[in-house]
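The numbering of the sequence shown is full-length UniProt numbering, which starts it at 1 and goes up by one. Have a look at the structure below before the remarks.
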Amino acid sequence: MRYTRAMKFAAIADIHGNSLALEAVLADIRNQGISEIVNLGDFFSSPLDAEGTAELLRGIDAVSIRGNHDRWLIEQAPEEMGKSDRIAHDQLGSDTLDWIRELPATLIWRDEIFLCHGTPEDDNTYWLEQVTQDGRVRSAALKDIEARAQGIEQKLILCAHTHLPRTVALADGRLIVNPGSVGCPAYIDIEPAPHKVQAGNPNACYAILEQQGEDWSVTHRHVPYDHLEMSRIAMERGSPSWAEGLATGWISNETFAAIAGR
Numbered sequence: 001m002r003y004t005r006a007m008k009f010a011a012i013a014d015i016h017g018n019s020l021a022l023e024a025v026l027a028d029i030r031n032q033g034i035s036e037i038v039n040l041g042d043f044f045s046s047p048l049d050a051e052g053t054a055e056l057l058r059g060i061d062a063v064s065i066r067g068n069h070d071r072w073l074i075e076q077a078p079e080e081m082g083k084s085d086r087i088a089h090d091q092l093g094s095d096t097l098d099w100i101r102e103l104p105a106t107l108i109w110r111d112e113i114f115l116c117h118g119t120p121e122d123d124n125t126y127w128l129e130q131v132t133q134d135g136r137v138r139s140a141a142l143k144d145i146e147a148r149a150q151g152i153e154q155k156l157i158l159c160a161h162t163h164l165p166r167t168v169a170l171a172d173g174r175l176i177v178n179p180g181s182v183g184c185p186a187y188i189d190i191e192p193a194p195h196k197v198q199a200g201n202p203n204a205c206y207a208i209l210e211q212q213g214e215d216w217s218v219t220h221r222h223v224p225y226d227h228l229e230m231s232r233i234a235m236e237r238g239s240p241s242w243a244e245g246l247a248t249g250w251i252s253n254e255t256f257a258a259i260a261g262r
């Protein structure tokens with residue numbers, strides 16, 4: 001049975017332990033008169049405030065799926081983790097890690113919306129963007145985006161992972177929406193080739209989705225908060241790329257070269 005009542009809800013993703021950004025987003029959601037939230041994963045991993053983020057999440061009744069970093073927090077031994085995962089892991093209690101273990105990787109919510117973190121098959125693959133061999137990040141071709149959506153019947157598809165707010169319309173009218181990142185507007189990754197992803201502003205991002213008949217409207221929200229305080233914490237914990245991304249929404253070529261070896 002399809003869920004027939006018109007829906008309006010908020011989608012958040014990629015908080016990455018940024019409790020101040022999450023606090024600002026949750027306040028903005030309340031100010032919009034919205035009570036329902038879906039959370040698309042990567043809640044904690046960062047040099048920031050994993051436990052503070054967990055406390056905020058315990059206070060809301062969000063529908064949640066796990067992301068790649070959440071999976072690594074429960075699949076890897078602490079000594080095998082990357083720096084951001086290890087810092088978060090050391091802050092979190094066993095109850096929070098057990099909560100992650102119970103979360104699905106994908107979910108169909110109320111028959112109307114398909115939720116995933118990266119793609120339906122892989123939480124660590126970009127869906128709406130692709131990385132070239134020389135490390136440029138660009139929009140994926142529509143045919144490749146649509147190929148990953150085969151078999152999904154829902155008209156609204158939500159994904160995350162790249163931290164870039166986007167809405168893409170498929171040829172058959174379905175929408176794929178990435179709400180952007182609540183807490184990490186720019187980052188460096190080395191797979192599949194060294195690259196940087198940059199939102200271009202330091203604000204906390206999320207999306208509002210509202211059903212209008214058979215269609216969906218999408219509003220991307222950019223919420224200011226004390227991003228310089230979180231940047232300061234990242235620098236104190238020896239993470240200059242995090243500090244730079246949080247402060248500006250960009251990663252400089254110098255920082256990228258120092259970390260990615262280019």
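Note that CB positions come from ideal geometry on N, CA and C, so glycine has one too. As the structure is a prediction and not an experimental result, all values here were calculated from the model.
DSSP, reduced to helix, strand and coil, places residue 182 outside both helices and strands of the structure shown, so it counts as coil. Counting the other CB atoms within 10 Å of its CB gives residue 95 a total below 16, which places it among the exposed residues. Around the beta-carbon of residue 148, 16 or more other beta-carbon atoms lie within 10 Å, marking it buried.
With fewer than three CB-CB distances shorter than 8 Å, the region 75 to 83 does not count as touching the region 119 to 126. In the DSSP assignment, the residues bridged to residue 107 are 115.
For the set 218, 240, 215, 87, the Cα lying nearest the Cα of residue 69 is the one of 87. Judged by DSSP in its simplified three-state form, residue 167 adopts strand.
Under the three-state reduction of DSSP, residue 70 is assigned to helix. Under the DSSP definition of a beta bridge, residue 216 partners with 211. Within the model, the alpha-carbon separation for residue 107 versus residue 154 is close to 11 Å. DSSP places residue 60 outside both helix and strand once states are collapsed to three, so it counts as coil. Residue 157 is bridged by DSSP to 114, 176.
Residues of the same chain with a CB within less than 6 Å of the CB of residue 227, apart from the 5 flanking positions on each side, are 202, 246 in chain order. Across the structure, residue 136 and residue 156 are spaced so that their CA atoms are roughly 28 Å apart.
Setting aside the 5 residues that flank it on each side, residue 133 is surrounded in the same chain by 193, each with a C-beta closer than 6 Å to its C-beta; the list follows chain order. For the options 110, 215, 36, 97, the alpha carbon positioned closest to that of residue 170 is the one of 215. In the structure shown, the three-state DSSP call for residue 91 is helix.
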